[in-house]
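A.B. asks: Residue numbers (the working numbering): 2 to 591. Quick one: this structure, given as structure tokens, is what I'll be asking you about.
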């Protein structure tokens, strides 16, 4: 009797994975459930690619499948990616210590994998990938009247019927006249296995996407449900899968929890990714996590305001409502607190950061955003926009800008117009540049005009930060030990600014914060008299009342209210510290 070993299992999975990847855009086009954020194909492509690029070939069946399962759980993206990961994990668990499997044992393993995938979902629904996984197993069990190599091909017809039937099982699919994207992805996966069985080799197989006319595109929809964010966490824990489902279920919906030994991956749609992170950090070790803004993704696809997208990073301090109103795409940077990596403003909110700032055991620091995270955010935009303008934190302060350039230069951007701008600043003045760019786009200005105007504003920026307590800058290394020693001994309060190259400087020092503010106001007044000030805005760390007198003085000097007032990003705040506040402004052109 035929035996399926690790080499053949590897070929099945990789062949199926490749067929899913080439259909990435087809799957994105029909993605309406659980939310119409148009990224099911992309998430699955990322999940499958981690297997293709990292999995090794083994003769032993369990060894091969166990590695694939671990890779998929550690690198799963999105709801369907998580379910696929648990399916692979179920295969590995079912195979146990077997070095090879008979066809009947393989079908039994597929059956257990489908059952395990269902158990990973807190509230499973019919008409999804879970349904077709189960129906495919039934088709395999009833196909033993043909040779082994033909069993899979025969089962494809039943699988296609099951996929088509999802339209009748979920109202949202019926309303949009599409099948479930996850279910369709599973069909592509099995179709890939069939292609391998026909050829008998992986190396010479070429995969092509299904014809577009065979994939009905979804009706545009902005209805993402009650929860804005798609959050995923990979943790190491001694807790069981069911414990995590019970403790996290109240945070949102679409909860999927996969377990592989001490590693558990969690997927949930929620409005509180920061609360989940706080709970997980308290009781477990968080290895990695990601948060996608489904509201923004849906609006970028289905409610386009222009053919041009504008991207910035989370250091740019700008009101959330304004970013939402103008569809501003934000790349969240990373902040490390007590050896845990958080996403700036998403899993670490400003209010929580400043509240607990003095309680952290280790000094918070920032870290580079990964190239994978950059590529993912760009891939949410590029398929839908012909032009992209990015405005990012000064490259003298962060490696973000250079990392983005590296990713952009590696991407296939034929027929796209891209401008990545080094703001040579941060915080409030970076926010003002983005604010102006978004307003210019809303006014109908073209790509060249916006880029030109933003670049002309950079030399006219000024920012002044009043620091209440020097200890945060000393801990963060923003002032040298010698300089810090002198400032501390003399009890001087520094004012922080940024020079024309984008580097932090201390333009003046005062004995008190009150006198430091007077120094700032003198410069603002001089700039107002010499050049005039177009726009200005204010930021504060932990207490908006710190701005009361300062704002009143600025209104008197400049003659108008600030464009907005916002909290300082945690990444900037880790050096500015509690009690800090700042003004940023754009001087008028000569």
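Note that beta-carbon positions come from the ideal geometry of N, C-alpha and C, so glycine has one too.
How about residue 39 and residue 29: do their beta carbons lie closer than 7 Å?
C.D. replies: yes
A.B. asks: Between which two residues does the beta strand (DSSP E) carrying residue 261 extend?
C.D. replies: Looking at the DSSP string, the run of the beta strand (DSSP E) that includes residue 261 is 253-261.
A.B. asks: Give a yes or no on contact between the region 568-583 and the region 374-385, applying the rule of three or more CB pairs nearer than 8 Å.
C.D. replies: no
A.B. asks: Do residue 464 and residue 420 come within 7 Å of each other at the CB atom, strictly closer than that value?
C.D. replies: no
A.B. asks: Would you check if the distance between the CB atom of residue 21 and the CB atom of residue 47 is smaller than 7 Å?
C.D. replies: Taking C-beta atoms as the reference points, residue 21 and residue 47 fail to come closer than 7 Å.
A.B. asks: Looking at the unbroken alpha helix (DSSP H) that takes in residue 244, where does it start and where does it end?
C.D. replies: Its alpha helix (DSSP H) spans residues 242-249.
A.B. asks: For a quick check, are the C-beta atoms of residue 131 and residue 119 less than 7 Å apart?
C.D. replies: Yes. Within cutoff.
A.B. asks: Below 8 Å on the Cβ atoms is my contact criterion, and I expect residue 75 with residue 8 to pass it. Report the Cβ-Cβ distance as a whole number of Å.
C.D. replies: No, residue 75 and residue 8 are not in contact; Cβ-Cβ is about 23 Å, not under 8 Å.
A.B. asks: State buried or exposed for residue 150, treating a residue as buried only when at least 16 other CB atoms are found within 10 Å of its CB.
C.D. replies: Sixteen is the threshold: since fewer than 16 other Cβ atoms of the shown chains lie within 10 Å of the Cβ of residue 150, the residue is exposed.
A.B. asks: When the Cα atoms are used, what is the spatial distance from residue 439 to residue 311?
C.D. replies: Cα-Cα distance, rounded: 7 Å.
A.B. asks: Please return the same chain residues whose Cβ sits closer than 7 Å to the Cβ of residue 520, not counting the five positions on each side in sequence.
C.D. replies: 496, 509 and 511
A.B. asks: Tell me the DSSP secondary structure of residue 343 in three-state form.
C.D. replies: strand
A.B. asks: Among the residues of its own chain, which have a CB less than 6 Å from the CB of residue 423, if the five just before and after it don't count?
C.D. replies: 396 and 402
A.B. asks: Taking the alpha-carbon of residue 93 as reference, which of 561, 260, 409 and 142 has the nearest alpha-carbon?
C.D. replies: 260
A.B. asks: Taking 6 Å as the limit between beta carbons, can you name the residues of its chain near residue 159, skipping five residues before and five after?
C.D. replies: 140
A.B. asks: Please confirm if the region 68-84 is in contact with the region 263-275, defined as three or more CB-CB distances below 8 Å between the two stretches.
C.D. replies: Note that the region 68-84 touches the region 263-275; at least 3 beta-carbon pairs, one per stretch, sit closer than 8 Å.
A.B. asks: So the beta strand (DSSP E) residue 567 belongs to, where does it begin and stop?
C.D. replies: 566-568
A.B. asks: Does the Cβ-Cβ distance between residue 585 and residue 538 come in under 7 Å?
C.D. replies: yes
A.B. asks: Smallest Cα separation from residue 605: which of 580, 58 and 536?
C.D. replies: Residue 605 lies beyond the range of the chain shown here (2 to 591); nothing can be said about it.
A.B. asks: Count the C-beta pairs between the region 181-201 and the region 161-173 that are closer than 8 Å, then say yes if the count reaches three, no if not.
C.D. replies: yes
A.B. asks: Taking the C-alpha atoms as reference points, what is the distance between residue 458 and residue 174?
C.D. replies: 48 Å
A.B. asks: Around the C-beta of residue 213, are 16 or more other C-beta atoms found within 10 angstroms, so that it is buried, or is it exposed?
C.D. replies: In this prediction, residue 213 has a pLDDT of 49, which is less than 50 and means its spatial position is unreliable; what the coordinates show is noted afterwards. Counting Cβ neighbours within 10 Å, residue 213 comes out exposed, since fewer than 16 surround it.
A.B. asks: Is the beta carbon of residue 567 closer than 7 Å to that of residue 1?
C.D. replies: This structure cannot settle anything about residue 1, because the visible part of the chain is limited to 2 through 591.
A.B. asks: Residue 349 lies in the beta strand (DSSP E); which residues open and close that run?
C.D. replies: Counting along the chain, residue 349 falls outside any beta strand (DSSP E), and DSSP gives it neither H nor E.
A.B. asks: Rounded to the nearest angstrom, what separates residue 360 and residue 276 at their Cα positions?
C.D. replies: Distance between the alpha carbons of residue 360 and residue 276 is about 18 Å.
A.B. asks: Do you know how far the Cα of residue 128 is from the Cα of residue 253?
C.D. replies: 21 Å
A.B. asks: Just checking my contact of residue 299 with residue 223 at CB under 8 Å: how many whole Å lie between their CB atoms?
C.D. replies: 5 Å
A.B. asks: Could you tell me the distance, in whole angstroms, from the CA atom of residue 86 to the CA atom of residue 138?
C.D. replies: When rounded, the distance between both Cα atoms is 17 Å.
A.B. asks: The alpha helix (DSSP H) spanning residue 292 covers which residue range?
C.D. replies: Looking at the DSSP string, residue 292 is not in any alpha helix (DSSP H); the run it does join, the beta strand (DSSP E), is 286-294.
A.B. asks: What's the gap between the Cα of residue 114 and the Cα of residue 15?
C.D. replies: 17 Å
A.B. asks: Measuring CB to CB, does residue 43 end up less than 7 Å from residue 182?
C.D. replies: no
A.B. asks: Please name the residue, chosen from 376, 494 and 364, that lies closest to residue 513 on a Cα-to-Cα basis.
C.D. replies: 494
A.B. asks: Could I get the ranges of all uninterrupted alpha helix (DSSP H) runs contained in the region 305-329, with 4 residues as the minimum, in chain order?
C.D. replies: 321-326
A.B. asks: Taking the DSSP output, what are the residues bridged to residue 234?
C.D. replies: 267 and 290
A.B. asks: Over the uninterrupted beta strand (DSSP E) stretch that includes residue 535, give me the two end residues.
C.D. replies: 534-541
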